[in-house]
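A quick write-up on the structure given underneath.
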Amino acid sequence: MASVSTFLKDMSECIDARLLGASASFGSYALGLGALACVPSPSGGLEDAARSALPLAALVGLALCFTASRRDASFPRRGWLWAASAALTLCALALFLAGDALVETAASCVAWAALPFCLTALVRRFAVLPLRRRIAMSAASVICALGGLLVLALLAAPVAFAVMAALPLAATACLPEPSELPGCENAERPDASGPQANPVRFAPSFLVTALTYSALASLAAGIEMPDDSALGLPARAAALSIAGIVLLSLHKGRKGFVEDSNSAYKPVPPLMALGLVLIAWAPEPFALWGAALVAAGFSVFFVYYWIVIGNHIQKFSWNAAQAAAWACAPLFAGLAAGRLLSGGIFAVTESPLQTTAVLGLFLLALVLWAVAKGDLFANEPGDAANVFKLEPPTPAALAHEDEAALAAFAQRYGISKREQDVVRLLSKGRNVPFICDELFIAKSTVQTHIKHIYAKTGATNRQELLDVIEAAR
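Mapping the sequence shown onto the UniProt record's numbering, position 169 (from 1) lands on 169, and the numbers just tick up by one.
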């Protein structure tokens, strides 16, 4: 319990309240728009097919952001953001007041087109954060946005739209400038040189993964069945997503983020696969929980995806708005594709739930194939030429010797388990900022651990500490 409280304390030090409030508000609006506004009925006709394609309007907004960023590297500036937020507010009010389907469709279309301006502004701010802060802020923002969706889903339309109307302007009012964010001066700043910035080139498999997972979540959300409970699909999806992200964050906080960051992605396929199985073969009351599990898997993936976008912008000095356009386009395209697929399935098949699950599992297999590294398995066990191409492992014997030496050192000098983690990274030449990111603890906590280690061993610097460890072998 102490480790959990320590983790939460360290995580809270990474949170900027203004950015969290803005990102959670924009996120709640986006989720509410997708879950509650002009939601197509799977058994509907051409009108519902048109509603399914509404998220494609976001591609227009992304194209405008991309074009504008070529002239202004700091796009979108505050004026653009106020204009987009005002449009989102008016659209929410129109959804609240309108009783005509055509007005609702038009308002939803404009809202989808305006939303990318707000997302681009968020990408600019998250991209300047140091890794540890970006991880904490991404997880916390998505959790709070999902909490907002849970409230909106319980309120239900049209009351939810009245609440949504207040979110964009409030978010813009409290959104800090990138230069105002704590810790951003220590981050590798994206290049803001406009045309001279490095061209954005995401790996195709990265974008295909986002497209497919988005389509999967949208496809599963399109299932239709009688449900008398007040806890509909959006509320169930929000609750399971929050639980999944919180549990994964606690686990990664204990195990480390940086050296094993890709393991944060591992729960996504099993969650989605389990959800699809429940949709196909579970009794009807559990089918909605299956769709909620698929949504939870996508939520976990989105946190990972959002963090990686910022990593790419920092590492390759990309223009943030252009990177946001490339990265968000597959998400919106997948959302529309999933809705259209769901409508087609319910229109032409007699067993839509089973067909949805089979198609979903096929898409899941497709995305896993797209990101699989075949050369990892291409050699015999004794031939390590390509088997460990991505990350050459430490030879087993050497790794065992290092761990044995560390264990003997810890026993001799009374080094705690957490202090052993710090010593292990110090012995690899890692600095304090890296240790903070990897162990997800505050800088002051790392410095305290190092001070205690030196006091217990009598060492005064890192080299003396390494000598003490070597002597303990």
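Each residue gets a CB set at the ideal place from its N, CA and C atoms; glycine is no exception.
Per DSSP, reduced to three states, the secondary structure at Asn198 is strand. Straight across, the Cα-Cα distance linking Val142 with Val468 is about 45 Å.
Counting only residues of its own chain and dropping the five nearest sequence neighbours on each side, Glu13 has a CB closer than 6 Å to the CB of Ala442. Going by C-alpha positions, Ala94 is about 29 Å away from Phe302. Only exposed fits Ser416, as fewer than 16 other CB atoms lie within 10 angstroms of its CB. Counting the other Cβ atoms within 10 Å of the Cβ of Ser69 gives 16 or more, which makes it buried. Ser351 counts as exposed, since fewer than 16 other C-beta atoms from the protein chains shown sit within 10 angstroms of its C-beta. If the five residues before and after Ser52 are omitted, its C-beta is found closer than 7 Å to the C-beta atoms of Pro40, Ala336, Arg339, Leu340 and Gly343, all from its own chain and listed in chain order. Within 10 angstroms of the beta-carbon of Ala17 lie fewer than 16 other beta-carbons, which makes it exposed. Gly429 and Val308 have their C-alpha atoms spaced approximately 25 Å apart. Note that the C-beta distance between Thr209 and Val446 is not below 8 Å. Boundaries of the alpha helix (DSSP H) around Trp281: Val268 to Trp281. The alpha-carbon of Cys65 is positioned some 7 Å away from that of Pro76. The alpha helix (DSSP H) runs of length 4 or more contained entirely in the stretch 281-338 are, from start to end of the chain, 284-316. DSSP places Asp100 outside both helix and strand once states are collapsed to three, so it counts as coil.
Asp100 and Trp82 have their C-alpha atoms roughly 28 Å apart. With a cut-off of 8 Å on Cβ pairs, the stretch 201-220 is in contact with the stretch 315-330, counting three or more such pairs. Taking a cut-off of 8 Å for Cβ pairs, the stretch 116-129 and the stretch 317-326 touch, as three or more such pairs fall below it. The distance from the Cβ of Phe286 to that of Leu278 is about 5 Å, consistent with a contact at the 8 Å cut-off. Using a Cβ distance threshold of 8 Å, Thr448 and Tyr454 do not count as a contacting pair. The Cβ atoms of Val423 and Leu439 lie no closer than 8 Å to each other. When the five nearest sequence neighbours on each side are left out, the beta carbons in the same chain lying within less than 8 Å of the beta carbon of Val358 are those of Ala280, in order along the chain. In the three-state reduction of the DSSP assignment, Pro55 falls in the helix class, which pools H, G and I.
Look at the beta carbons and you see the stretch 167-180 not touching the stretch 52-63: under three pairs across the two are nearer than 8 Å. Counting other Cβ atoms within 10 Å of its Cβ, Gln411 stays below 16 and is therefore classed as exposed.
Going by DSSP, Thr355 is part of the alpha helix (DSSP H) stretching over Pro352 to Val371. Counting only the Cα atoms, Leu33 lies some 15 Å from Ala86. Excluding residues up to 5 positions away in sequence, Gly61, Ala84, Ala87 and Leu88 lie with their Cβ nearer than 7 Å to the Cβ of Ala114 in the same chain. Put simply, the backbone Cα of Ser23 is about 16 Å away from that of Val163. At least 8 Å separates the beta-carbon of Pro158 from that of Ala35. Taking 8 Å as the cut-off, the beta carbon of Met137 is found closer than this to the beta carbon of Leu19.
Looking at Ser444, Pro433 and Ala111, the one whose alpha-carbon comes closest to that of Phe161 is Ala111. Bounds of any alpha helix (DSSP H) do not take in Cys14, whose DSSP letter is neither H nor E. Residue state for Cys38 is assigned as coil, using DSSP reduced to three classes.
Close CB contacts of Phe117 within its chain, under the 7 Å cut and outside five residues either way in sequence, are with Gly61, Cys65, Pro76, Trp80, Leu81 and Ala84 (chain order).
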